[in-house]
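So the protein lines, in turn, are chains P and C. Every letter in the first sequence is one number past the one before it in UniProt numbering, and letter 248, counting from 1, is 248. Every letter in the second sequence is one number past the one before it in UniProt numbering, and letter 246, counting from 1, is 246. All residues carry an ideal CB built from backbone N, CA and C; glycine is no exception. Since the model is a prediction, treat every value here as computed from it, not as a measurement.
Number of protein chains: 2
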Amino acid sequence: MPLLFSKNLFLDLDRVRLLPGFLYRLVSKKRHLYKELTSLLGFPPGNFALYEIALSHRSSKEKFLESNERLEYLGDAILGAIVGDYLFKKYPYKTEGYLTEMRSKIVNRQQLNDIAIKMGLRKLTIYDKYNSFLKISQIFGNTLEALVGAVYLDRGYNKTQQFVHKRILMPYIDMELLESVEMNHKNKLYGWANKNGKVLEFELLEEQMDNGRRIFTVGAVVDGELICTGKAFNKKDASQIAAQQAIQQLGLAD
Amino acid sequence: MPLLFSKNLFLDLDRVRLLPGFLYRLVSKKRHLYKELTSLLGFPPGNFALYEIALSHRSSKEKFLESNERLEYLGDAILGAIVGDYLFKKYPYKTEGYLTEMRSKIVNRQQLNDIAIKMGLRKLTIYDKYNSFLKISQIFGNTLEALVGAVYLDRGYNKTQQFVHKRILMPYIDMELLESVEMNHKNKLYGWANKNGKVLEFELLEEQMDNGRRIFTVGAVVDGELICTGKAFNKKDASQIAAQQAIQQLGLAD
């Protein structure tokens, strides 16, 4: 079927009209996806096959398509660079610690998944729709990362940067709100401990020197048992990290 | 001193010759650094002040210079993207797990520090040279990351990509060697336990489901005490991660 798989030939309506019924329906589906993507991206996809891969979750039944995990790996790295650059320029007087924290507030799984759903990627992701677990999972954030990877391969870094700014950061990230949100994992963990009659303590386990800076290791201890540890340049951050890890480990993350 | 701080005016020899002695020496030092940088980068620095910041460790006595931590944050993200892209294209049939592991073999602190020293960045880094601890520390890898950040701001992504390929990956990374190096943190930790009469065990602490995939949490337990945990999609990787964390925490990393 060279017609289907060559570069965007399904756009050639004159030739598509000549196709037999089942092929015509398949091609129409592709034409529809192409239009949806064009509106979502703000430009027409160059290499359409790349975007099809980006939208394909492992659970997809269309086995002739590669799944999006490799593109997700690439997109994650590219998104990290673009958001890193954005914050570096937006906050010229903030420390690297602040920038790192802001970045993790933007590119964390929950946030990316929420953005992906708002962008309409739940509808476009190709996955096993009979698996009701997947419907409420965070695979759509992975689709978004894979999409960033596809844009990067298709159009290069600078165009990807524009896409991320215009279609992700501007419409969906409220920077002022994020600035004011304290990542308060400790409070959340204390709340859980209280409700479940557990004793929660944070213990300083270690103080090390690293390139002339002190690094603190703090452990989250529940009923005398060490659950998780966190490391940072100050005790407050270290205990927040330990609490965040513990929340993940105990399955308390929303 | 507008002459010194305006853009690379110290290159104007006719004007430099007119300077009084102490300024002439300062400017000569800058001219020397400019030449060293040109040879190291493979192109002349555009915005020289950026590169001076990239080379300045926190411990530097030259207090009028900003230190390189913000640029290190930026460079780390850019380097992650460039190396991510490089591996994605070099290994078209490898899984994202393999690519992630290869990347961490390339951009880990020890490796970056070794490369920085081979590139001559120990000599160029501006730091407190009376602090003998810093001399053997890993601050030069940080300089290298900051330098990548400076190149990115000065010349953009594509030029930075060329710089990283030609001046970092090609000369200093032996990909075939890296492919064959198993990250064997467990062996290392067992060696330490043996030598110090400790009992080391790896325990499966938890099995969770994440988007339809199983995630294993394995703990490194020394003399019955949980030291560190690692999470991964299989038990082997999870225990390697736990071992790696434990090596860091116990201060056994080289």
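- The DSSP assignment places no complete run of the beta strand (DSSP E) inside the UniProt domain "RNase III" (34-156) of chain C (cut-off: 3 residues).
- With fewer than 16 neighbouring CB atoms inside 10 Å of its own CB, N194(C) falls in the exposed class.
- Short of 8 Å from the beta carbon of K188(C), and not among the five residues preceding or following it, lie these beta carbons of its own chain, in chain order: A243, I247, L252.
- Ranked by Cα distance from R70(C), the options L50(P), L79(P), Y91(P) are led by Y91(P).
- Cα atoms of Y34(P) and I126(P): separation of roughly 14 Å, rounded to the nearest angstrom.
- Taking 7 Å as the threshold, the shortest C-beta distance from G80(P) to chain C falls below it.
- When Cβ pairs closer than 8 Å are counted between the two stretches, the segment 162-180 of chain C is seen not to touch the segment 219-230 of chain C, the count staying below three.
- Interface flag for R155(C) against chain P is unset, since no Cβ pair is found closer than 7 Å.
- Selection F48(P), E179(P), R25(P), K135(P) evaluated against L147(P) yields F48(P) as nearest (Cα-Cα).
- Put simply, the backbone Cα of E203(C) is about 7 Å away from that of V221(C).
- For G197(P), there is no enclosing beta strand (DSSP E), since its DSSP letter is neither H nor E.
- For G84(P), a Cβ of chain C is located within less than 7 Å of the residue's own Cβ.
- Contact with chain C is absent for R17(P), since none of that chain's Cβ atoms lies less than 7 Å from the residue's Cβ.
- CA-CA distance, A150(C) to L79(C), rounds to 12 Å.
- From the beta-carbon of Q208(C), the residues of chain P found nearer than 8 Å are G251.
- One finds R70, Y73, L74 in chain P with Cβ atoms closer than 9 Å to the Cβ of L99(C), taken in chain order.
- For K166(P), there is no enclosing beta strand (DSSP E), as DSSP marks it with neither H nor E.
- Taking 7 Å as the threshold, the shortest C-beta distance from L226(P) to chain C falls below it.
- Identification of residues in the segment 138-162 of chain C having a C-beta nearer than 9 Å to some C-beta of chain P yields Q138, I139, N142, G149, Y152, L153, G156, Y157, N158, Q161, given in sequence order.
- Considering only D12(P), L19(P), L134(P), Y172(P), the residue with the shortest C-alpha distance to R31(P) is D12(P).
- A Cβ-Cβ separation of about 19 Å leaves G141(C) out of contact with L177(C) under the 8 Å criterion.
- If you ignore the 5 residues before and after K198(P), its C-beta comes within less than 8 Å of the C-beta of W192, V222, D223, all in its own chain and listed in chain order.
- Counting C-beta atoms within 10 angstroms of its own C-beta, D154(P) has 16 or more neighbours from the protein chains shown and is therefore classed as buried.
- Under the 10 Å beta carbon count, I241(P) is surrounded by 16 or more other beta carbons and is classified as buried.
- In the assembly as shown, L37(P) is a buried residue. Its beta-carbon has 16 or more other beta-carbons within 10 Å.
- In the structure shown, I241(C) falls within a helical segment according to DSSP collapsed to helix, strand and coil.
- Close to E96(P), with beta-carbon spacing below 7 Å, are these residues of chain C in chain order: E69, R70, E72, Y73.
- V181(C) sits in coil when the DSSP states are folded into three classes, being neither helix nor strand.
- Contact check for K186(C) and S239(C): beta-carbon distance about 6 Å, within the 8 Å limit, so the pair qualifies.
- Taking the C-beta atoms as reference points, E207(C) is found nearer than 7 Å to R214(C).
- Distance from the CA atom of S56(P) to the CA atom of L121(P), rounded to whole angstroms, is 11 Å.
- Taking 7 Å as the threshold, the shortest C-beta distance from F88(C) to chain P falls below it.
- In the three-state scheme derived from DSSP, where H, G and I count as helix and E and B as strand, F22(C) is classed as helix.
- A direct Cα-to-Cα measurement between P45(P) and V107(P) gives close to 24 Å.
- V16(C) and L26(C) have their C-alpha atoms spaced approximately 10 Å apart.
- Contact of A77(C) with chain P is assigned, a C-beta pair being separated by under 7 Å.
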